[in-house]
Amino acid sequence: MQKKKFRKVRKQGRVVERLQYAYDVFAFLLLISALDFLFYQVFGSRAESFGEVNGPRLAVSMVVYAIALIMSIYKIPAIKKVVSANLFLIPVFFLPLLSVLWSVDQKITLFRACAYLLSCTFSLYLVVSLKPEEFFRRAMVATFIGGVLSLAWVALSPADAIHNGGPLAGAWKGVYGHKNDLGRIGSIAIVMSLFAEPTGKWQKLIRLANIGIYIFLVIMSDSKTNWLILLSMIGFIPLTKWLRNPATSPSLRLIAVGGGATLISMLVILNSSAILAAMGRDDSFSGRGTLWNGVSSIIASKYPVLGAGYGAFFTDAGGVWDLKGYLRYWSSLPNHAHNGFLNVQADMGYPGLIVLITFLILSAVRVVQKMIAEPYRPVWAGCAALLFLFIVNNISESNAFVHSDIPWIMLLVSYAYLAPAQKIAGVKKRGRKFRFRSLNDARPA
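If you're matching positions, the sequence shown starts at -1 in our numbering and goes up one per residue.
1. Per DSSP, W170 forms a beta bridge with which residues?
2. Pick out whichever of R375, G338, F388, L340 has its Cα sitting closest to the Cα of A362.
3. When DSSP labels each residue in this structure, what does T313 get in the three-state scheme?
4. May I ask you to report which of helix, strand or coil DSSP gives L321?
5. Do W170 and L226 have their CB atoms nearer than 9 Å?
6. For D314, count neighbouring C-beta atoms within 10 Å of its own C-beta (all shown protein chains included) and say buried if the count is 16 or more, exposed if not.
7. Which whole-angstrom value is the C-beta distance of V21 and I65, which I expect to be below 8 Å?
8. What does a CB cutoff of less than 6 Å around R16 pick up in its chain, not counting 5 residues either side in sequence?
9. Taking only the alpha-carbon atoms, compute the straight-line gap between S185 and S230 and give it to the nearest angstrom.
10. Quick check on W100: does DSSP put it in helix, strand or coil?
11. Take L252 as the anchor and find which of M369, G317, S294, W406 has the nearest alpha-carbon.
12. Where F312 and S402 are concerned, what is the direct C-alpha to C-alpha distance, given to the nearest angstrom?
13. According to the neighbour-count rule (16 or more other Cβ atoms, all chains shown, within 10 Å of its Cβ), is T356 buried or exposed?
14. Whose C-beta lies closer than 7 Å to the C-beta of K426 among residues of the same chain, with five residues either side of it excluded?
15. DSSP state of I74, grouped into three classes?
16. Count the other CB atoms within 10 Å of the CB of M60; is the residue buried (16 or more) or exposed (fewer)?
17. List the whole-angstrom C-beta distance separating N337 from S394, where the pair is believed to meet the contact cut-off of C-beta under 8 Å.
18. Below 8 Å on the Cβ atoms is my contact criterion, and I expect G181 with S221 to pass it. Report the Cβ-Cβ distance as a whole number of Å.
19. In whole angstroms, what is the alpha-carbon distance linking K202 and M138?
20. For L416, does the three-state DSSP call read helix, strand or coil?
21. In this structure, how does DSSP classify N454 when only helix, strand and coil are distinguished?
22. For G144, name the three-state secondary structure that DSSP assigns.
23. Which term fits P374, buried or exposed, when burial requires 16 or more other beta carbons within 10 angstroms of its beta carbon?
24. Give me the Cα-Cα distance between M175 and L250, rounded to the nearest whole angstrom.
25. Please report the residue range of the alpha helix (DSSP H) in which G184 lies.
26. Excluding sequence positions up to five away, which residues of its chain have a Cβ less than 7 Å from the Cβ of Q343?
27. Given a cut-off of 9 Å on the beta-carbon distance, is the pair N162 and S219 in contact?
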């Protein structure tokens, strides 16, 4: 009788695990925008542009976030541990909401700040539900599905999956709506796959297939920024291996990696014009320099300290119409600054910029410490690669403090995973305080 009951409980547990796995993969598909072609092109209006508010997509996103919120309620103690070990997440989470106080469009800021908080809640759900290695594996599976869907969509509906006409003609966008989005997701997919640790034969096959599919898709996307990111990984990955080499003392590793990184950076800076020319770009980054000058001028004249409010700069009440004079030759006005740091300054001023830069510095320090302390876990090198990818990508795109956007959510999740050992304040066992390394045990998954 006891055995029968045990089998029943175990069977129910497996069903719950499979449901959670399916939910996680579906949520990742939503975050990487691999399902947007269904919302905008298959079931939506073809006149509707990707990125515009889409009713069905918004409804599905709310359901996904609501499920994560409900599941997180049952893990409040674990979430408290995460927050206590990552106190800097508090300003990262709540600064957008605080900016409602000075926003030029409080309704828009409040709406977007609430959506951002839901994204933050989802990132906490991931941290307390998955070990870092499993997080990489599930993200890898989701990006693989997105890659297969992109190839199928190009074959079935090339008019929707490939840019037609204009300067982007011929560039693939797959199911992601724009060549740069395909390139960005492709870079993330390749990084996640390189550092994922497959647990079975089918995951090993998915890993290899994912790398191959996205190398091809990134090439076909003609996204020069992501070509540069992937090429830079050739120099970045050996640096992470040196840093994780336990045979050498930590100080020598840091010196070697620091020297190597400095040398590579100097070579890139000194040859930047030649590199850009070889990739079909110039120093203006395809006209982005004009946009940056315009945004900077408007910030200086109208929002010098606090910005326009989270998500409010590129609105009618903000500075978007003031950009017209700077962008006379642009076919349409942009909805972001095409630079993550400038975009944050436009929305949340110096407070936002300080929080972002501090967050990135803390992330870099943590990831170096983890790679030295636990060199046998490739996932920490993967977190370092994601951080590097994020910083480089935000030179020409805006992913910082963006709700429902996979690069920022991955950065939040990685930061929480990288938390050092902390004391659990106020919890005692047999008269002694006990310690935890993190919510994810130090052993590989």
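Glycine residues also receive a C-beta, built at the ideal position from the N, C-alpha and C atoms. Every value quoted in this text rests on a predicted model; they were computed, and no experiment measured them.
Concretely, from the data shown:
1. I160
2. F388
3. coil
4. helix
5. no
6. exposed
7. Residue identity differs from the one stated: residue 21 is Tyr in this sequence, not Val. Contact holds; Cβ gap of about 7 Å.
8. none
9. 11 Å
10. coil
11. M369
12. 18 Å
13. exposed
14. Any reading at K426 is ruled out, since the residue's pLDDT is 39, under 50, leaving its predicted position unreliable.
15. helix
16. exposed
17. 7 Å
18. 3 Å
19. 11 Å
20. coil
21. Not covered by the structure: residue 454. The range shown for the chain is -1 to 443.
22. helix
23. First, the residue type needs correcting, since residue 374 is Tyr and not Pro in the sequence shown. Answer is exposed; the Cβ neighbour count stays below 16.
24. First, the amino acid is wrong: residue 175 is Gly here, not Met. Straight-line Cα distance between these residues: approximately 46 Å.
25. 177 to 193
26. I297, G305, G350, L351
27. no
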